[in-house]
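Colleague:
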Amino acid sequence: MIPDTGWSADILATHEAKLLSYAQSLIGDRDQARDFVQETFLRLMKQDPVQLNGRVTPWLYRVCRNLVIDHQRKERRMMHLASEPIAEQTPHHVIERKDLSQHVLSCVAQLPANQQEVVRLKFQAGMSYKEIAEVMGLSPSNVGFLLHTAISALRVRLGKESLS
Numbered sequence: 006m007i008p009d010t011g012w013s014a015d016i017l018a019t020h021e022a023k024l025l026s027y028a029q030s031l032i033g034d035r036d037q038a039r040d041f042v043q044e045t046f047l048r049l050m051k052q053d054p055v056q057l058n059g060r061v062t063p064w065l066y067r068v069c070r071n072l073v074i075d076h077q078r079k080e081r082r083m084m085h086l087a088s089e090p091i092a093e094q095t096p097h098h099v100i101e102r103k104d105l106s107q108h109v110l111s112c113v114a115q116l117p118a119n120q121q122e123v124v125r126l127k128f129q130a131g132m133s134y135k136e137i138a139e140v141m142g143l144s145p146s147n148v149g150f151l152l153h154t155a156i157s158a159l160r161v162r163l164g165k166e167s168l169s
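Residues 6 to 169, numbered by the working numbering, are exactly what the sequence shown covers, in order.
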């Protein structure tokens, strides 16, 4: 194990909140998500910074994703999406926004698993196509195709439902 010279503390401060949100979206349980994020950062501490070659973000998300997938295989649990906290506004606006968020999340949950994950990584984690490609083991063009297909499907579904 390489002694920590502060580089991992900086990475923790920079990535912990987004990684926790991502893990929670995968597993649906905040406490379990914290466990996966903690394990991810413990594994990071064991890594040689030189081997990461400046590719820390994709590495973190890939390790976290793999931990969750391994856990789900063992436990045979289904993935659940969790809604993000909503900023305080008027009670009516908060309720409308929460309803809309739940509706969008339910539409995302109906997408194929790979499209769901691309949408989460892009819009929740704010990752680039290249970073998503590294996390998922795809090419950036495949990521673009999956994202385009997912957004198109969401537009159709949300458009049809708003007309009803």
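The C-beta atom is built at its ideal place from N, Cα and C for all residues, glycine as well.
Bear in mind that the values here come from a model prediction, so they are computed numbers and not experimental data.
Does residue 58 come out as helix, strand or coil in the three-state DSSP assignment?
Modeller: coil
Colleague: In chain order, what residues of the same chain lie with their CB nearer than 6 Å to the CB of residue 32, ignoring the 5 residues before and after it?
Modeller: 38, 73
Colleague: Scan the segment 92-155 and note each continuous alpha helix (DSSP H) run of 4 residues or more that stays entirely inside, going in chain order.
Modeller: 96-114, 118-124, 134-141
Colleague: Using CA coordinates, which residue listed in 158, 155, 122 is at the minimum distance from residue 139?
Modeller: 122
Colleague: Identify whether residue 11 lies in helix, strand or coil by the three-state DSSP scheme.
Modeller: coil
Colleague: Could you round the C-beta distance between residue 13 and residue 50 to whole angstroms and report it? I think they count as a contact, below 8 Å.
Modeller: The beta-carbon separation of residue 13 and residue 50, rounded to 5 Å, stays under the 8 Å limit for a contact.
Colleague: Can you give the Cα-Cα distance for residue 65 and residue 46, rounded to whole angstroms?
Modeller: Looking at the two C-alpha atoms, the distance is approximately 8 Å.
Colleague: When you compare only the Cα positions, how much space is there between residue 160 and residue 55?
Modeller: 43 Å
Colleague: According to DSSP, is residue 164 part of a helix, a strand, or is it coil?
Modeller: DSSP, reduced to helix, strand and coil, places residue 164 within a helical segment of the structure shown.
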